[in-house]
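Going by numbering that gives the first Met the number 0, 10 is the number at position 11 of the sequence shown; the sequence numbering is gapless. Using N, Cα and C, we set each Cβ at its ideal position, and we do this for glycine too. All remarks here apply to the structure that follows.
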Amino acid sequence: MSITNSDFNDHLNRILGAILQAGWFLYIGLSLSLALDRLLYFVVSRNFYIVTVAVLVLSWLISLGFLVAFLTPGYSFGYCCTNQYLRWFYSHESGAQFLKNIEVYLDFVVLSLVLVVYICVFGCLLKLRSKGSGFVASQSLKVEVRILFVSIATFIYEGTYVLWFFWGSTFLSDNSYTHVITTALWIIDCGFFSFATIGLNTSVRKRIKTLVQPRKTTTVTRF
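And the structure:
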């Protein structure tokens, strides 16, 4: 679209925008579900999976609800801003602006909850360690410290991105550079949590290294 400076088709633009934005809401919902799953493992000894499944179902329902909303006339989210095909954003329609105002609060609430939950998980592990739970608790604490660092870094980055997405770009002149920065930040955000986890997790890096590096095989010929 950027190369051709066209969205090819208004209906295609609406459909792709709806799928993209609904996927974002699903992503933050699944992030919260994963965080709650780790917390409930320490807090609730039985049937904690029920809450996790409930959050998973709710995440999918919210995502599907937004998907239907974005496909409704007057609530579009597309790849065109001020006649430049450089970033995805809400249209100027009243319905789209209404969804935009909802997302502003929803994004910050869910991202903040994810960070708070991981901090609570870290606190639970500190409590277990203080009770002298042994080597397993100590190793689990190291793992959770890494996860906590990743979650804090992810929260800072995604919080900064959301601020830029909704307000930061409006403080600067409306030109192609601000739109490109917004799109680049979103692309980086798609893999930020994964790359941060790989960067802080030695065992994951070793597994990836073994998958990437070709294995040497020695052929023995017998005469």
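- According to the neighbour-count rule (16 or more other Cβ atoms, all chains shown, within 10 Å of its Cβ), is G310 buried or exposed? Nothing about residue 310 can be read from this structure; the chain reaches only from 0 to 222.
- DSSP three-state call for G77: helix, strand or coil? strand
- Query: From I151 to I61, what does the alpha carbon distance come to, in whole angstroms?
  - Reply: 25 Å
Whose C-alpha, out of Y26, L70, G198 and I49, is nearest the C-alpha of G94? Relative to G94, the option among Y26, L70, G198 and I49 whose CA is nearest is L70.
### Query
With which residues is Y104 paired in a DSSP beta bridge?
Paired residue(s): none; Y104 is not in a bridge.
With distances taken between CB atoms, is the gap from E92 to F121 smaller than 7 Å? The Cβ atoms of E92 and F121 do not sit closer than 7 Å to each other.
Determine the DSSP secondary structure at Y84, reduced to helix, strand or coil. coil
Using only the alpha-carbon positions, how far apart do L15 and V42 sit? 40 Å
Same chain, Cβ closer than 8 Å to W87, five either side skipped, listed in chain order:
G16, L19, Q20, F76, G77, Y78, T182 and W185
| request: Would you check if the distance between the CB atom of L85 and the CB atom of V161 is smaller than 7 Å? | output: Going by C-beta atoms, L85 is not nearer than 7 Å to V161.
Rounded straight-line distance, which links the Cα of E157 to that of Q189: Looking at the sequence provided, one finds Cys at residue 189 rather than Gln. Approximately 10 Å between the Cα atoms of the pair.
message: Comparing C-alpha positions only, which one of Y40, S175, G64 and T201 sits nearest to V116?
response: Nearest C-alpha to V116 among Y40, S175, G64 and T201: Y40.
Taking the C-alpha atoms as reference points, what is the distance between A53 and G28? Cα to Cα, A53 sits roughly 11 Å from G28.
*Start-end ranges of the alpha helix (DSSP H) lying completely within the region 3-42, minimum 4 residues*: 9-42
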